[in-house]
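Residue numbers (my numbering): 1 to 271.
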């Protein structure tokens, strides 16, 4: 495995000139979960930090992969003892999860999560039919919610807002979705994001960290939907991540969907 250098993903998106030495570039990595039609929940989740922090995370992640002899860290494969984790005991898989989670916690990235039940989407659409002119589908809503949160977040006291580049996993089943959503967001709000990039989760190691967050958010929200209330026994990995990191977002109600719809319609109407 040859990881892609971070700056390679933003070449052509943000210029790294001599005068840029003091400009801190923010990078956010996002993954989705539950986008198949049968899923009751759709999730978009990820992590944001300065580029220097991501370089350190990337180095630590590569070392952990080598330590466990893994080509990549994929949470659903780990949980289900599939592919690279085939034949692994539960204890060994748990050790891997703890090891990779410790890297995320060590570098204190901002965690951003949007989870949306399809029943909530349907209810909101019934309240505000115009919502479909703003969001194509539940993933589109989660996308706009997450990007809006990272775009409004400042990580330093610098007078100049840090350029923000957002990277998505380029796997085939999601790539068309991401490209369409990114193009729409850049068209509507060109001043908020420096650019979007796409990469393979196998090669762009921070996407594997985003995958862990998305997986845990998906499992938690599925359980919440099943029970009809918050679970009193969440997964230990979920508790450690959400307890150890600053985080934005969560699950959404029909009223929140309607509110964001009205806000975006207002912003677009002022242009």
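Glycine included, each C-beta is placed from N, C-alpha and C at the ideal position.
Buried versus exposed, by CB contacts within 10 Å (16 or more), residue i
i: residue 41; result: buried
i: residue 80; result: exposed
i: residue 163; result: buried
i: residue 233; result: exposed
i: residue 213; result: buried
i: residue 119; result: exposed
i: residue 58; result: buried
i: residue 147; result: buried
i: residue 101; result: buried
i: residue 140; result: buried
i: residue 193; result: buried
i: residue 98; result: exposed
i: residue 25; result: buried
i: residue 129; result: exposed
i: residue 71; result: exposed
i: residue 176; result: exposed
Helix, strand or coil at residue i [DSSP, three-state]
i: residue 115; result: strand
i: residue 32; result: strand
i: residue 67; result: helix
i: residue 233; result: coil
i: residue 256; result: helix
i: residue 261; result: helix
i: residue 128; result: coil
i: residue 153; result: coil
i: residue 107; result: coil
i: residue 213; result: helix
i: residue 206; result: helix
i: residue 225; result: helix
i: residue 200; result: coil
i: residue 243; result: helix
i: residue 145; result: helix
i: residue 102; result: helix
i: residue 138; result: helix
i: residue 75; result: helix
i: residue 189; result: coil
Nearest-angstrom Cα separation, counted from residue j out to residue i
i: residue 65; j: residue 76; result: 16 angstroms
i: residue 206; j: residue 56; result: 10 angstroms
i: residue 27; j: residue 151; result: 11 angstroms
i: residue 49; j: residue 228; result: 34 angstroms
i: residue 89; j: residue 83; result: 13 angstroms
i: residue 186; j: residue 91; result: 45 angstroms
i: residue 253; j: residue 126; result: 13 angstroms
i: residue 170; j: residue 201; result: 7 angstroms
i: residue 22; j: residue 39; result: Residue confidence is low: residue 22 scores 46 on pLDDT, short of 50, so the model does not pin down where it sits. Its coordinate-derived value is still stated next. Distance between the alpha carbons of residue 22 and residue 39 is about 44 angstroms.
i: residue 94; j: residue 237; result: 9 angstroms
i: residue 302; j: residue 131; result: Because the chain spans 1 through 271 in this model, residue 302 falls outside it and cannot be assessed.
i: residue 322; j: residue 109; result: Since the displayed the chain opens at 1 and closes at 271, residue 322 lies outside it and no answer follows.
i: residue 143; j: residue 32; result: 9 angstroms
i: residue 265; j: residue 258; result: 11 angstroms
i: residue 203; j: residue 68; result: 17 angstroms
i: residue 260; j: residue 78; result: 36 angstroms
DSSP bridge partner residues for residue i (one or two, in chain order)
i: residue 195; result: 165
i: residue 41; result: 117
i: residue 27; result: 49, 165
i: residue 275; result: This structure leaves residue 275 out entirely; the chain is present only between 1 and 271.
Integer Cβ distance of residue i from residue j, believed to fall under 8 angstroms
i: residue 103; j: residue 60; result: 5 angstroms
i: residue 196; j: residue 166; result: 5 angstroms
i: residue 241; j: residue 216; result: 6 angstroms
i: residue 105; j: residue 244; result: 5 angstroms
i: residue 112; j: residue 250; result: That belief does not hold up - the Cβ atoms of residue 112 and residue 250 are roughly 10 angstroms apart, past 8 angstroms.
i: residue 198; j: residue 168; result: 5 angstroms
i: residue 29; j: residue 182; result: Actually they are not in contact, since the Cβ atoms of residue 29 and residue 182 sit about 14 angstroms apart, beyond 8 angstroms.
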